[in-house]
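In this note's numbering, the protein residues as written are 4 to 177. We put the beta carbon where it would ideally sit given N, CA and C, even for glycine. Since the model is a prediction, treat every value here as computed from it, not as a measurement. Presented below is the structure to which this report refers.
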Amino acid sequence: MAVSPDRSAMIRVDQAGEFGATRIYAGQLAVMGDRGPHSAEIRAMAEQEAEHRAQFDALMARRGVRPTALHPVWNAAGFALGAGSALIGPEAAMACTAAIEEEIDRHYTAQLEELEAEGDDPELAALIARFRDDEREHRDAALAAGAEKAPAYPLFSAAIRLGCRVAIRLSERI
């Protein structure tokens with residue numbers, strides 16, 4: 004299936020984001036282990052993100068979309084962000100999740116608006132809508148688990164959200 008450049012960038016960045024999420028959760032779990040606060044919840048979120056990634060991997064293969072060349076960077080950066088946030092404490096790990104999922108919600112919502120306006124890719128729109136709902140659940144769970152109690156939460160959240168926006172822009176292009 005021939006894919007427009009806009010759709011290729013959309014799929015590439017979304018797959019990169021789901022990959023990054025799996026690496027963040029891997030970093031958090033590497034620090035927290037199985038007995039840390041919220042580790043069962045983080046593990047469940049990680050499994051859901053792995054499923055999202057697998058579905059984007061399959062979509063990329065079917066449509067001939069190349070992955071971002073920044074994959075090795077997101078591998079290391081995602082793990083480091085996850086591990087670093089968990090080292091600060093359980094609330095910081097949840098703050099990391101809440102911040103990222105807030106930004107992904109905005110990103111997926113903008114993509115859905117574009118897809119719905121053009122109406123040319125219902126398969127991709129349905130996938131993104133379903134994943135956006137999952138990401139919103141992750142954000143809400145992280146907030147309920149005390150994300151806002153993390154040290155310097157507003158600054159920490161803003162920095163993570165900015166990093167997420169930069170990663171999105173880079174992965175769309177590279």
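Rounded straight-line distance, which links the Cα of residue j to that of residue i
| i | j | result |
| --- | --- | --- |
| A64 | E50 | 21 Å |
| I131 | L84 | 24 Å |
| E151 | D108 | 18 Å |
| G39 | A86 | 13 Å |
| D123 | L90 | 45 Å |
| S88 | C99 | 7 Å |
| R15 | E21 | 10 Å |
| H74 | F82 | 12 Å |
| L118 | G67 | 19 Å |
| G23 | I103 | 10 Å |
| S160 | M13 | 24 Å |
| T71 | E175 | 8 Å |
| T25 | P154 | 24 Å |
| Y111 | A61 | 19 Å |
| A19 | A53 | 12 Å |
| F59 | R164 | 22 Å |
| G30 | G92 | 13 Å |
| G166 | A80 | 10 Å |
| G36 | I177 | 34 Å |
Whole-Å CB distance - residue i paired with residue j, under 8 Å assumed
| i | j | result |
| --- | --- | --- |
| W77 | A170 | 7 Å |
| A97 | H41 | The displayed chain sequence assigns Met, not Ala, to residue 97. Correct: roughly 6 Å between the Cβ atoms. |
| A57 | A101 | With 8 Å as the limit, A57 and A101 do not qualify as a contact, their Cβ atoms being about 24 Å apart. |
| R10 | L115 | Going by Cβ atoms, the distance from R10 to L115 rounds to 13 Å, so no, they are not a contact pair. |
Buried/exposed call for residue i, threshold 16 Cβ in 10 Å
| i | result |
| --- | --- |
| A17 | For the sequence presented, residue 17 should be read as Asp rather than Ala. Label assigned to D17: buried. |
| A129 | exposed |
| A113 | exposed |
| I45 | buried |
| A43 | exposed |
| R172 | exposed |
| A181 | Lying outside 4 to 177, the shown extent of the chain, residue 181 is not represented and no answer is given. |
Segment limits, alpha helix (DSSP H) that includes residue i
| i | result |
| --- | --- |
| P75 | 74-91 |
| G166 | 156-176 |
| P125 | 125-147 |
| H187 | Beyond the ends of the chain as shown, which are 4 and 177, falls residue 187; an answer cannot be given. |
Legend entry - Cβ contact check for the segment 131-141 and the segment 101-119: 3 or more pairs under 8 Å: The segment 131-141, when compared against the segment 101-119, does touch it at the 8 Å Cβ threshold.
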